[in-house]
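Structure first, commentary second.
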Amino acid sequence: MAPIKVGINGFGRIGRIVFRNAIEHDDVAVVAVNDPFIEPKYAAYMLKYDTTHGQFKGTVEVNGSDLTVNGKTVRFYTERDPANIPWAETGAYYIVESTGVFTTTEKAKAHLKGGAKKVVISAPSADAPMFVMGVNNESYKSDIEVLSNASCTTNCLAPLAKVIHDKYGIVEALMTTVHSYTATQKTVDGPSAKDWRGGRTAAQNIIPSSTGAAKAVGKVIPSLNGKLTGMAMRVPTPNVSVVDLTARLEKGASYDDIKATVKAAAEGQLKGILAYTEDDVVSSDMNGDSHSSIFDAKAGISLNDNFVKLVAWYDNEWGYSRRVLDLLAYIAKVDGNA
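Numbering (this note's numbering), first residue to last: 109 to 446.
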């Protein structure tokens, strides 16, 4: 089947990484981009050069008000109101909403006025249904018009939690994500009225922070609702983060048993989403990894057969962006358009 035609609203950090991932994704073709704050020449520059992920492996040119990427035209719009973006012009019926602004169902639905059929929000949403590939994507129904791909941390945590919960039962658990700094943080100390710590210099501090990622797992795995919560530590690294899941198990299991269970899932039903490694890796080794979650077998520990600490890495930019596209391709298939 031909790739589905996709539009991206918001050509910021995630928007551009989604675009780069789409070049490697056989089921998806980005045909249009919208960003009211960027002119085409600057968009081409930012797509071509990336401090974290290196130069774009291909050609990027500007042709009038549009981009030409690897010889293919990508329409470039600069509309502030999503309702005014003419997605139908290019047949971009599946939209990635990556501005970080239109994260509710009502706001994201504005894309439908321009001809879009489905919108995937690349962030958690207050009211749109959340789907995590490999966890609850099979509960998607074609009448859903706006959906959320949850957060990068939820995408790392949920597959691992599902594997452990399905096999051993999680009685309760706490999660800490040791998370690279992001664009919302400060290069020098600055005002941050709602989060005083978050206003401190990102590159010089370990900053405790809140996260809804663990509680969100309860939305995609209902049997874990109320059993899981967590926090974040923002650290001075530019990319790649790691989840520490400390869980009390219903059924006792040795750490070797748990490793075998995760490895089997990584090689089986969650292949491509969950990975397993026994190598002595560090965070930069995961830069550019397209898995949602990479289980680090050597990093975890157990106190006893019912109390364990499990560790999983994730490229919070690249791996998450790949899942956005996988979710788009999946819903298009369910919808009968792929």
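Where is the CB? At the ideal position from N, CA and C, for every residue including glycine.
For residue 404, the secondary structure class from DSSP, reduced to helix, strand or coil, is strand. Separation of residue 189 and residue 394 (C-alpha to C-alpha, rounded to the nearest whole angstrom) is 37 Å. Within the same chain, Cβ atoms closer than 8 Å to the Cβ of residue 312 are found at 344, the five residues on either side in sequence being excluded. Taking 4 residues as the shortest admissible run, the stretch 143-185 contains the following complete alpha helix (DSSP H) segments, listed from N- to C-terminal end: 148-156. DSSP links residue 122 through a beta bridge to no other residue. In terms of Cβ geometry, residue 357 and residue 278 form a close pair [threshold 8 Å]. Residue 325 is a Cβ neighbour of residue 266, given a cutoff of 8 Å. Of the residues assessed, residue 293 falls on the buried side of the cut-off, its CB having 16 or more other CB atoms within 10 angstroms. The Cβ atoms of residue 318 and residue 307 do not sit closer than 8 Å to each other.
By the Cβ criterion, the stretch 332-343 is not in contact with the stretch 359-374, since fewer than three pairs of Cβ atoms, one from each stretch, lie closer than 8 Å. With contacts defined by Cβ atoms closer than 8 Å, residue 126 and residue 348 do not form a contacting pair. Pairing residue 264 with residue 209 gives a Cβ-Cβ distance that is not under 8 Å. Between the alpha carbons of residue 248 and residue 221 lies a gap of roughly 22 Å.
When C-beta atoms of the stretch 135-145 are compared with those of the stretch 185-202, three or more pairs fall below 8 Å, so the two segments count as touching. In this structure residue 245 touches residue 435 by the C-beta definition: roughly 7 Å separates them, less than 8 Å. In the DSSP assignment, residue 375 falls outside any beta strand (DSSP E) and within the unbroken alpha helix (DSSP H) covering 363-375. Within the stretch 217-254, no run of alpha helix (DSSP H) reaches 4 residues while sitting entirely inside it. Secondary structure at residue 127: helix, using DSSP grouped into helix, strand and coil. Ranking 239, 242, 250, 240 by CA distance to the CA of residue 225 puts 250 first. One thing to note: residue 329 has its Cβ no nearer than 8 Å to the Cβ of residue 202. Between residue 284 and residue 261, the C-beta spacing is not below 8 Å. Under the three-state reduction of DSSP, residue 285 is assigned to strand.
Distance between residue 231 and residue 258, taken at the CA atoms: about 5 Å. By a beta-carbon distance limit of 8 Å, residue 241 contacts residue 438. Their separation comes to about 7 Å.
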